[in-house]
Structure formats: structure tokens, C-alpha cells
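Residue numbering for the sequence shown follows the working numbering, beginning at 7 and increasing consecutively. Positions of the beta carbon are idealized from the N, C-alpha and C atoms, including for glycine.
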Amino acid sequence: MMKYYDVDGDGNISYEEFLRGMRDPLSARRRDLVDRAFAFMDKDGSGVVSGKDIAHLYDVTQAKEFQDGTKTKEEILDDFLNSFDGMKGNNDGQITKQEFIDYYTDLAVSCPTEDYFCVMMEQAWGLAEDSSSEDFQTTLRHIVAMLRQRLLTLSNGQQEEFKLRQIFTEFDANGNGVVTMDELAAMLAALGISVERRFLVALLSHLDTNKSGGVEFEEFRVFICEDPYK
Numbered sequence: 007m008m009k010y011y012d013v014d015g016d017g018n019i020s021y022e023e024f025l026r027g028m029r030d031p032l033s034a035r036r037r038d039l040v041d042r043a044f045a046f047m048d049k050d051g052s053g054v055v056s057g058k059d060i061a062h063l064y065d066v067t068q069a070k071e072f073q074d075g076t077k078t079k080e081e082i083l084d085d086f087l088n089s090f091d092g093m094k095g096n097n098d099g100q101i102t103k104q105e106f107i108d109y110y111t112d113l114a115v116s117c118p119t120e121d122y123f124c125v126m127m128e129q130a131w132g133l134a135e136d137s138s139s140e141d142f143q144t145t146l147r148h149i150v151a152m153l154r155q156r157l158l159t160l161s162n163g164q165q166e167e168f169k170l171r172q173i174f175t176e177f178d179a180n181g182n183g184v185v186t187m188d189e190l191a192a193m194l195a196a197l198g199i200s201v202e203r204r205f206l207v208a209l210l211s212h213l214d215t216n217k218s219g220g221v222e223f224e225e226f227r228v229f230i231c232e233d234p235y236k
């Protein structure tokens, strides 16, 4: 019993360890959202998420530690990934699928209801539990069409590469050549398009045709110049 509850093996059972020992496995509904959140980060399907996988998703240039020079980009990304290690964390700067599942299994214990947990996952990761429904897809098509039209208006109907690159650079806030999810959200806000966060991942996936984790210029150009639902 002691070994079962004493996760870190220090001879004592902390409150967190006690809760972990009392937890139930994730329900199918919760596990589905956890799996989808992990897959969103794990672009190569390796089962391990490293700093490289999330570099386009997490803009560290806005972090205080980066701005004041106390931490490098790599160190901030490692800190983010290590936050999912939990009590058995090894601080190796990466997340395995099991570590991710364990983290949210522990967190689920403190969620009062399954609905609460699912809404939390949607808001935290920009997921939509009903993403395959016709209503969701209809709304997504409307958002895509509106975004394309606003960008065309911004370019005054011009589709020359020089003009489109100017617009792309305007929204690529950190100048790394990729529009991240946060920058995409800022783009929508700047264009006066109000979107629930749970549509962001689906919208990014639609634009990110090579599945790199962000929108590169060529993807941006093709989106504006071609029918997105041809």
C-alpha cells in the first residue's frame, strides 16, 4: 500500500500522491480530448513531444523571461514541457504520451464534473468536442470564407506576391516566417472577426496544409489566391 501511494519513493505520502492513488482512469470522453490535444502537438506522430514540435505553437518572445534575457527560447520551451512531467517528472524537456495522460488523469480528480473537464480542455487547447458535426463544419466554412474575404480586402484585391508578403509580415509578429496559433488569433482580432477559441485549432489545421504546426507564407498565399474549399 505504501509503495502504491508513495509515488516519488521518499517514504511519505503527500496530499497530491494520495489524490493520485484515489483517481479513476480517464473516461472515454475525457481520453478522446486528451488524445487530440497531444496529437495537436505531436506533429510527427512519434509519441514524444519536444521543443521542436511546439516551437510554432508557443511564442516565447512574449514571455517575460525571454524579454529580460534570463532564459533562452529553448529553456522556456523546456520549462513548458516539463510542467507536464508530474510527480515522476524527469525534467528531460519532452513529454511522452503517457506523461501527458497521467498529467490530465491527475487533474481530472479536481474537476467537479466531466462537462467541466471537457470545457477546460476545449478552452486550454482550442479544441472542439463536436468538431465533426455539421454545425461546427458550417461555422468553420463561414470563418474561412470571412477570413479570406477580409484578407483580399486588405490587399485591395491584389494577389501579387509582394503585396501578400507585406500582409503576411504584418501578422508574423515575431518575424520567424511562420504565423502561429496566437498570431492567427491576433490576425482574426485585427480583421474584426470574432471567433471562439475552440475554432482556432480547426482553422489553423485548415491553413497549415503541410502540417508543420504553423502557417508559412506559401500556405498563406495559396489560401488567399485559391478557393479554400475547391
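Of the listed residues the options, nearest to residue i (C-alpha basis)
i   : options             : result
K58 : E23, M47 and E232   : M47
G53 : L32, L133 and F44   : F44
D41 : W131, T76 and R29   : W131
S56 : A179, F229 and G219 : G219
Cβ neighbour criterion (16 or more within 10 Å) applied to residue i
i    : result
Q115 : Sequence inspection shows Val at residue 115; the Gln mentioned does not correspond to that position. Its Cβ having fewer than 16 others within 10 Å, V115 is exposed.
A34  : exposed
K187 : The identity of residue 187 in the sequence shown is Met, whereas the question assumes Lys. Flag for M187 reads buried.
Separation of residue j from residue i, as counted between CA atoms
i    : j    : result
N88  : Q100 : 7 Å
E81  : M7   : 38 Å
N18  : Y10  : 11 Å
Q172 : R204 : 28 Å
Q164 : G183 : 21 Å
F223 : D30  : 45 Å
Terminal residues of the alpha helix (DSSP H) in which residue i lies
i    : result
I107 : K103 to A114
V66  : Taken as a continuous stretch (DSSP letters only), V66 belongs to no alpha helix (DSSP H), as it is neither H nor E.
S211 : L206 to L213
V228 : F223 to C231
K70  : K70 to Q73
A134 : Neither: A134 is in no alpha helix (DSSP H) and is coded neither H nor E.
Residue span of the beta strand (DSSP E) that contains residue i, given as start and end
i    : result
V150 : Careful: V150 lies outside any beta strand (DSSP E), inside the alpha helix (DSSP H) at E140 to L160.
V54  : V54 to S56
Those residues which DSSP pairs with residue i across a bridge
i    : result
Q100 : S56
V185 : V221
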